[in-house]
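Here the sequence shown is numbered in the working numbering, starting from 239 and rising by one per residue. A virtual CB, placed ideally from N, CA and C, is assigned to each residue, including glycine. Because the structure is a prediction, the values reported are computed rather than measured. Contents: one structure, followed by commentary.
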Amino acid sequence: MRKLTTVILAFCLPLALFSQHFSQAPKDVKSIKQITEWTTFLADETDPEETIKDAVYHFRKNGQLEKWVTNNSEEETHYYHYDWKNRLIEVEIKNNELSRKMIYSYFEDRSLAEIQEKDLDLRTIQYYGENGKVAEEKTFWKGELTNNKWETMSRKVLNYNAQDSLFGEMEYSYSWNGKTTKRKTVHNFDPITQKKTETIYFNEKNKPEKTITYLYNRTGQLTNVEKKYHDKNSIEKTEYLFKKRKPWQTITTGKDYKYEKIYKEGRYIRFKEYNEKGKMLWYTDFQYEFY
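Have a look at this one:
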């Protein structure tokens, strides 16, 4: 049986942790209880067309994700726990062989995220500024390479404009052998609408590495995003299409790939992936269940 592989993103804050279609229940006329992915692999030279039951998302009535049965090769299940303020405090990850946890703690001036793996401990702290937004973020690690002592892995400083919009980030990375690298990110905004128009990522040599531009329609909806990778000389374009001001299609095109998201009455119902020749490889339908 063919099966998709979902990649877990690097451990970090804020709390968008995983490469998944839903981190909370989409807004709908009714409260969503569960979303099931059904993925169809199209026939090729070696295999016939096949449809499998894929990832499953379980939501609380308030829209918070309660359980995610992943579609990765480990067949992991993520359990999400919240405090009385509805803040995420624990993600418990289980499969047939092991269990691990991510723990989140909240204080007046900072937030703390921790994860303990078999041979590595990670800890990320976000410090808040006077505006209540994250002003600094530090990630520490402990493992064999650090002689099991806590050392700083990275540090990020964030700066805001008068409208409290993030306009600059400076990130410092520290390797186990003492080498330090720094990278800068700059965000630009429209002076009238205050909407973000451009983000520029610089490499350690202070040269542009990636530039993202944003375009909007007259009602302020995001319509186009272009990502230009300077070192690879490649461009990724995403177009957002609407019907009656509701999402209809999102089309992302790169050098050798294409993704499409399909919506019906604003509800996300299908995801499609194509190869570099424009041939569809597989698609996923989303089945909704309501309270």
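C-alpha gap between Lys433 and Val329, whole angstroms:
33 Å
Q | Rounded straight-line distance, which links the Cα of Asp359 to that of Trp190 | A | As displayed, the chain neither begins before 239 nor continues past 529, which places residue 190 out of reach and without an answer.
Q.
Closest to Glu368 by C-alpha separation, out of Arg325, Asn397 and Lys422, would be which residue?
A. Nearest C-alpha to Glu368: Asn397.
What do you reckon, are the CB atoms on Asn462 and Leu453 nearer than 7 Å?
yes
What span of residues does the beta strand (DSSP E) with Ser472 cover, start to end? Ser472 to Lys481
Using the beta-carbon count (16 or more within 10 Å), is Tyr529 buried or exposed?
exposed
Check: Can you give the Cα-Cα distance for Asn399 and Asp347, rounded to whole angstroms?
Finding: 20 Å
- For the stretch 268-279 against the stretch 515-526, are there 3 or more C-beta pairs whose distance is under 8 Å? yes
Figure out for me which residue from Glu288, Pro429, Ile438 and Asp428 has the closest Cα to the Cα of Arg421. Ile438
> For Glu409, does the three-state DSSP call read helix, strand or coil?
Replying inline: strand
*asked:* For Ile507, report the span of its beta strand (DSSP E) as first-last.
replied: Arg505 to Tyr512
* Close beta carbons around Arg325, own chain, < 8 Å, minus the five adjacent residues each side -> Tyr342 and Tyr344
Among all the DSSP beta bridges, which residues are the ones paired with Trp306? Tyr295 and His316
Q | Cβ neighbours of Asp494 in the same chain (closer than 8 Å, five flanking residues each side left out) | A | The answer, listed in chain order, is Asn513 and Glu514.
Continuous beta strand (DSSP E) stretch holding Gln525: start and end
Met518 to Phe528 is the extent of the beta strand (DSSP E) around Gln525.
Open item on the list: Please state whether the Cβ-Cβ distance between Glu498 and Ile507 is less than 7 Å.
Closed with: no
Along the chain, where does the beta strand (DSSP E) that runs through Ile430 open and close? Element bounds for Ile430: n/a, residue is neither H nor E.
**Asked** Exposed or buried, which one is Gln364 when buried takes at least 16 other CB atoms within 10 Å?
**Response** buried
Comparing C-alpha positions only, which one of Met391, Ala373 and Glu335 sits nearest to Asp402? Ala373
- request: Please classify Glu447: does DSSP put it in a helix, a strand, or coil?
  value: In the displayed model, Glu447 falls within a strand according to three-state DSSP.
Next on the checklist: Among Pro429, Asn441 and Glu464, whose alpha-carbon lies nearest the alpha-carbon of Lys408?
Outcome noted: What sits at residue 408 in the sequence shown is Met, not Lys. The shortest Cα separation from Met408 among Pro429, Asn441 and Glu464 belongs to Asn441.
Open item on the list: Just to check my reading of the structure: Lys475 and Thr449 have Cβ atoms closer than 8 Å, yes? What is that Cβ distance to the nearest angstrom?
Closed with: Going by Cβ atoms, the distance from Lys475 to Thr449 rounds to 13 Å, so no, they are not a contact pair.
### Query
Around the Cβ of Ala293, are there at least 16 other Cβ atoms within 10 angstroms (buried) or fewer (exposed)?
buried
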